[in-house]
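Visitor:
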């Protein structure tokens, strides 16, 4: 449970056009916590996910005074009698998310922790936030980007604005493409490329994003890549791609916009994942995936609905 | 081979009720190493795993003077003639483990390495041991807990007593649940929960344990989670759960007591793994697993014996 | 694109016996960049992979003056008229790799970053290079070995010459073999072994290499192990084994020389992978794999050609 007193009038002012309607008396009503279902109390900001059954009953039974819900919930006499305040929005989960970000998450003021080791050739925007133990080479870090503890960012990495790199990530490590000689010896191909990450990208904890061989590895605006993922050399990831964790894209994989790749997937090198496609968790993708399709399994095949 | 001279009488005193019987002369006999089979010498503490065939013969052929074995081995004339000392216990592997821990593993004296960066709001027990390069937020660390090098522990994490967090782990990172807008944009749900870890828990190297969304992620007493695992937001793991490495539990997975999950498993979000169940390595678990069953494969199915 | 002016005569001198033939005037010709296909310009060192179709046409259409190719490309009038210089070698990709390493990759001069925390008992060769944030125990590091940022190397680890440990790796962490007691409690077997890594080995970012139980975990000369791999206790890996990323070898796996294991593979404990075998990506290997065979799938089976 996250506790902090916030006056409802401030929330109402902040939400503006997100609000479809407000029922009940806002007056001096305040909430002092955001909590899971089990711990809701009279001062919680309660909310009802649109996907739930019996939303009206949930609202009427809620222990909280302030309730965020969609249009399916109406301000009945039962709610009025309890002096509840009902905030109606299109998407309660999304609006809750906005409220939490605005009122319950501490905003980081730009800062570089003195223990971070930063190359003299790095270009770090004055609004960026760099936590303890980071090691940053000749890289570029954009506005309001937040690099968490013990992250390593190597030379030739460009990270855009409003990004988050979670703790322990390594951005710009060498790929490891090899030639095997006739005597078995492995000769590594040297990697001269970099990594270019767009704006509003998040990279999870302990990820590895490899640099390109002769050109760059690219992650476009709005991608969200959860922890322990491995994005290999020369991958090219379009906008708003969501990867939910522990997935590997081998070298030169091309992923188009708005793709969703669930957890623990491996995609073979040089494969192409078309726009809006979905890859199920644990899939082993050996072929190109056409736009809009869903593929699952080992080896992955199209999922027929 | 780990070398250190230890008098057998000290081992005998330490084991107490673990000893079923001692044959031969303890006197001033000592051992000076613990070694694998190939390198056993006269001064090794040799041991015979209960699962082996021909245990009597192994004892009689051993190059070591001191032998740890179960009741199946008897003190024959052959052993007496060689002046061997035979320690009989119920479970030699377990007792060897106790001997190593007591006599061959260096005990850490409580210590915080000066390079560790610790938030002023952290509460660290005076008996804890924190290695170099750790970054610790507003967290609680219990008695005799050992945090190895370059671990990151974020705010709102509570770790109990006698735990070990292996190097490079990240505890309390954000989950990355998203809503996808109609235009494809991903909006991250902010995470306000924490992580609560019980007593006698071990977390392997480079793991990621994510904080909960509105309530906490919970790992109960006695769990052993090997390296490169990813425990996502709001998982609830019961007591004595063993995860052998590189496994991911997606969001809100519930695992009951005494479950064993082998390596490189993925469990889908909100699934439930019943008490004493076993999940085979590489399994892709998309359904609830009933108590006591063994599931394997992609997608995972019950293994019929 | 990596830019640096290099005179062609210096490259020709360096390559010596790798050169089959040189056509055109070397004179004062120079190149000033290595680039991917899209960005080739007149000053690039262009190269034509032996696996390509229409190599002659590619050479004749290249925007670059200097072209590296195999014997299939001949010095036609078309090339002569353009005053191109053609370097003929057996394996252009391999020779390009040599040129990049010699002329375009900065050589690290031996150095230990002052932020690295190194145990007084460590033995580090004076030619080694240790980046910022590393934590090194009582370990041995060989000649010209390069340890990148935030790596943790624990006690009892020996790393040979000319190795690279990419950022964030943990070498020598405890394995986590357990006994489950009758009441469900897990008792960890203590690990007394170390890790021995040969020469010319590369270990990728955020890998975990576990120490052995009673003897050592061994990685032999010339192995290349990409990022996020987990090599468990007592694995014994032969020479020139290539693991392309995010793969786990469970305890006591034995891999013979020249094996190739693709990404996101799990190999069951105590299994044996024979010489020159290949394991396909995403394979779940539960049985021994004979020499020279290719296995794929979950569970993995021999791939019939």
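Chains as they are written, first to last, in our numbering: chain A, 1 to 305; chain B, 306 to 610; chain C, 611 to 915.
Note that CB positions come from ideal geometry on N, CA and C, so glycine has one too.
(1) When we look at the beta-carbon of residue 652 (chain C) and count the other beta-carbons within 10 Å, is it buried (16 or more) or exposed?
(2) My understanding is that residue 678 (chain C) touches residue 648 (chain C), with C-beta atoms under 8 Å, so please give their C-beta distance in whole angstroms.
(3) Taking all protein chains shown into account, decide if residue 509 (chain B) is buried (16 or more other Cβ within 10 angstroms of its Cβ) or exposed.
(4) Within the 7 Å Cβ cut-off, does residue 620 (chain C) reach chain A?
(5) Looking at the unbroken beta strand (DSSP E) that takes in residue 4 (chain A), where does it start and where does it end?
(6) Going by beta carbon distance, what residues of the same chain come within less than 8 Å of residue 375 (chain B), once the five residues before and after it are set aside?
(7) Chain C partners of residue 422 (chain B), CB-CB under 8 Å?
(8) How would you call residue 410 (chain B), buried or exposed, if buried means at least 16 neighbouring beta carbons within 10 angstroms?
(9) With a threshold of 8 Å on Cβ separation, who are the neighbours of residue 908 (chain C) within its own chain once the five nearest residues in sequence on each side are excluded?
(10) With a 10 Å radius around its C-beta and 16 neighbouring C-beta atoms as the bar for buried, classify residue 495 (chain B) as buried or exposed.
(11) If I'm right that residue 46 (chain A) touches residue 66 (chain A) with Cβ under 8 Å, what's the distance once you round it to whole angstroms?
(12) Three-state secondary structure (DSSP) at residue 354 (chain B)?
(13) Am I right that residue 414 (chain B) and residue 149 (chain A) are in contact with their C-beta atoms under 8 Å? What's the rounded C-beta distance?
(14) What number of angstroms, rounded off, separates the C-alpha of residue 217 (chain A) from the C-alpha of residue 612 (chain C)?
(15) Go ahead and pull the three-state DSSP assignment for residue 745 (chain C).
(16) Could you name the residues of the stretch 422–452 of chain B whose beta carbon sits closer than 7 Å to any beta carbon of chain A, in the order they occur along the chain?
(17) Using 10 angstroms around the beta-carbon of residue 848 (chain C), count the other beta-carbons present and answer buried if the total reaches 16, otherwise exposed.
(18) My output table needs one value for residue 626 (chain C): the three-state DSSP class, helix, strand or coil.
(19) Given a threshold of 16 other Cβ atoms within 10 Å of its Cβ, counted over all protein chains shown, does residue 111 (chain A) qualify as buried or as exposed?
(20) Please report the residue range of the alpha helix (DSSP H) in which residue 59 (chain A) lies.
(21) Of the residues B:506, B:582, B:499, which one's Cα is nearest the Cα of residue 518 (chain B)?
(22) Could you name the residues of chain A that residue 531 (chain B) contacts, counting a contact when the two beta carbons are closer than 9 Å?
(23) Which chain C residues are close to residue 372 (chain B), counting only those with a beta carbon under 9 Å from its beta carbon?
(24) I'd like to know if the stretch 289–304 of chain A and the stretch 306–326 of chain B are in contact, where contact means that at least 3 CB-CB pairs between them fall below 8 Å.
(25) If we call anything under 7 Å between Cβ atoms a contact, is residue 424 (chain B) one with residue 438 (chain B)?
(26) Below 7 Å between beta carbons: does that hold for residue 192 (chain A) and residue 644 (chain C)?
(27) Which value, in whole angstroms, describes the spacing of the CA atoms of residue 898 (chain C) and residue 880 (chain C)?
(28) Counting C-beta neighbours from all protein chains within 10 Å, is the total for residue 267 (chain A) 16 or more, i.e. buried, or is it exposed?
(29) Between the C-alpha atoms of residue 818 (chain C) and residue 707 (chain C), what's the straight-line distance to the nearest angstrom?
(30) Which chain C residues are close to residue 214 (chain A), counting only those with a beta carbon under 7 Å from its beta carbon?
(31) Please list the partners that residue 777 (chain C) has in chain A, where partner means a Cβ-to-Cβ separation under 8 Å.
(32) Check whether the Cβ atoms of residue 222 (chain A) and residue 491 (chain B) sit closer than 7 Å, and answer yes or no.
(33) Can you name the residues of chain A whose CB is closer than 8 Å to the CB of residue 703 (chain C)?
(34) Report the neighbours of residue 575 (chain B) on chain A: residues whose CB is nearer than 8 Å to its CB, in chain order.
(35) Got a sec: is the Cβ-Cβ distance from residue 230 (chain A) to anything in chain C below 7 Å?
(36) For the beta strand (DSSP E) containing residue 388 (chain B), name the first residue and the last one.
Guide: Per the coordinate set shown:
(1) To locate residue 652 (chain C), count along the third chain from 1; it is residue 42. Residue burial annotation: residue 652 (chain C) is exposed, with fewer than 16 other C-beta atoms found within 10 angstroms of its C-beta.
(2) Here residue 678 (chain C) refers to the residue found at position 68 when the third chain is read from its first residue. Here residue 648 (chain C) refers to the residue found at position 38 when the third chain is read from its first residue. The C-beta separation of residue 678 (chain C) from residue 648 (chain C) comes to about 18 Å, leaving the pair out of contact by the 8 Å criterion.
(3) Numbered from its first residue, the second chain carries residue 509 (chain B) at position 204. By the Cβ neighbour-count rule, residue 509 (chain B) is buried, with 16 or more other Cβ atoms within 10 Å of its own.
(4) Position 10 of the third chain, counted from the start, is the residue given in the question as residue 620 (chain C). Judged by the 7 Å Cβ criterion, residue 620 (chain C) is not in contact with chain A.
(5) The count along the first chain starts at 1 and reaches residue 4 (chain A) at position 4. Taken as a continuous stretch (DSSP letters only), the beta strand (DSSP E) holding residue 4 (chain A) covers 2–7.
(6) In the second chain, residue 375 (chain B) corresponds to position 70, counting from 1. Here the set comprises 353, 355, 360, 393, 394, 395, 396, 397.
(7) Locating residue 422 (chain B) in the second chain gives position 117, where the first residue counts as 1. Going along chain C, no residue has its Cβ under 8 Å from residue 422 (chain B), so there is no contact; the nearest lies around 11 Å.
(8) Residue 410 (chain B) sits at position 105 when you count from the first residue of the second chain. Residue environment for residue 410 (chain B): exposed (fewer than 16 other C-beta atoms within 10 angstroms of its C-beta).
(9) Stepping through the third chain from its first residue, residue 908 (chain C) is reached at position 298. So the qualifying residues of the chain are 892, 893, 894.
(10) For the purposes of this step, residue 495 (chain B) is identified with residue 190 of the second chain, where counting begins at 1. Around the CB of residue 495 (chain B), 16 or more other CB atoms lie within 10 Å, so the residue is classed as buried.
(11) Walking along the first chain from the start, residue 46 (chain A) turns up at place 46. Walking along the first chain from the start, residue 66 (chain A) turns up at place 66. Their Cβ separation, rounded to whole angstroms, is 7 Å, which keeps residue 46 (chain A) and residue 66 (chain A) in contact under 8 Å.
(12) As a position in the second chain, residue 354 (chain B) is number 49, starting the count at 1. Residue 354 (chain B) falls in the coil class under three-state DSSP.
(13) By 1-based counting over the second chain, the position of residue 414 (chain B) is 109. By 1-based counting over the first chain, the position of residue 149 (chain A) is 149. With 8 Å as the limit, residue 414 (chain B) and residue 149 (chain A) do not qualify as a contact, their Cβ atoms being about 26 Å apart.
(14) Numbered from its first residue, the first chain carries residue 217 (chain A) at position 217. Numbered from its first residue, the third chain carries residue 612 (chain C) at position 2. Rounded to whole angstroms, the gap between the alpha carbons of residue 217 (chain A) and residue 612 (chain C) is 14 Å.
(15) For the purposes of this step, residue 745 (chain C) is taken as residue 135 along the third chain, with counting starting at 1. Annotated three-state conformation of residue 745 (chain C) is strand, per DSSP.
(16) Listed by position, the residues of the stretch 422–452 of chain B near chain A (Cβ gap below 7 Å) are 422, 438, 440.
(17) Position 238 of the third chain, counting from 1, holds the residue named residue 848 (chain C). Per the 10 Å Cβ criterion, buried.
(18) Taking the first residue of the third chain as position 1, residue 626 (chain C) is located at position 16. It is helical.
(19) Your numbering for residue 111 (chain A) matches position 111 in the first chain. Exposed, since its Cβ has fewer than 16 Cβ neighbours within 10 Å.
(20) Position 59 of the first chain holds residue 59 (chain A). Per DSSP, residue 59 (chain A) is one residue of the alpha helix (DSSP H) stretching across 55–61.
(21) Sequence index remark: in the second chain, residue 518 (chain B) carries index 213 (1-based). Comparing Cα positions, the closest option is B:499.
(22) Taking the second chain and counting its residues from 1, the one referred to as residue 531 (chain B) is at position 226. Correct list: empty, because the minimum Cβ distance to chain A is about 14 Å.
(23) For this step, residue 372 (chain B) is matched to residue 67 along the second chain. Counting only Cβ-Cβ distances below 9 Å, residue 372 (chain B) has no contacts in chain C at all, with the closest Cβ about 15 Å away.
(24) Too few Cβ pairs lie closer than 8 Å, so no.
(25) Taking the second chain and counting its residues from 1, one reaches residue 424 (chain B) at position 119. Taking the second chain and counting its residues from 1, one reaches residue 438 (chain B) at position 133. Judged by beta-carbon spacing, residue 438 (chain B) lies beyond the 7 Å limit of residue 424 (chain B), meaning their Cβ atoms are not closer than that value.
(26) Against the first chain, residue 192 (chain A) aligns to sequence position 192. Against the third chain, residue 644 (chain C) aligns to sequence position 34. For the 7 Å CB-CB criterion, residue 192 (chain A) and residue 644 (chain C) form a contact.
(27) Here residue 898 (chain C) refers to the residue found at position 288 when the third chain is read from its first residue. Here residue 880 (chain C) refers to the residue found at position 270 when the third chain is read from its first residue. Residue 898 (chain C) and residue 880 (chain C): Cα-Cα distance of roughly 9 Å.
(28) Sequence index remark: in the first chain, residue 267 (chain A) carries index 267 (1-based). With 16 or more Cβ atoms within 10 Å of its Cβ, residue 267 (chain A) is classed as buried.
(29) Position 208 of the third chain holds residue 818 (chain C). Position 97 of the third chain holds residue 707 (chain C). Going from the Cα of residue 818 (chain C) to the Cα of residue 707 (chain C) covers about 28 Å.
(30) Walking along the first chain from the start, residue 214 (chain A) turns up at place 214. 644, 645, 646, listed in chain order.
(31) Translated into the one-based positions of the third chain, residue 777 (chain C) becomes position 167. For residue 777 (chain C), the neighbours in chain A by C-beta distance under 8 Å run, in chain order, 135, 152, 154, 170, 173.
(32) The count along the first chain starts at 1 and reaches residue 222 (chain A) at position 222. The count along the second chain starts at 1 and reaches residue 491 (chain B) at position 186. Going by C-beta atoms, residue 222 (chain A) is nearer than 7 Å to residue 491 (chain B).
(33) Stepping through the third chain from its first residue, residue 703 (chain C) is reached at position 93. Ordered by position in chain A, the residues that pass the 8 Å Cβ test against residue 703 (chain C) are 179, 189.
(34) By 1-based counting over the second chain, the position of residue 575 (chain B) is 270. Per Cβ cutoff of 8 Å: no residues; residue 575 (chain B) is ~13 Å from chain A at best.
(35) Here the question's residue 230 (chain A) lines up with position 230 in the first chain. Yes, residue 230 (chain A) lies at the interface with chain C (some Cβ there is under 7 Å from its Cβ).
(36) Within the second chain, the letter at position 83 stands for residue 388 (chain B). That residue, residue 388 (chain B), is in no beta strand (DSSP E); it is neither H nor E in DSSP.
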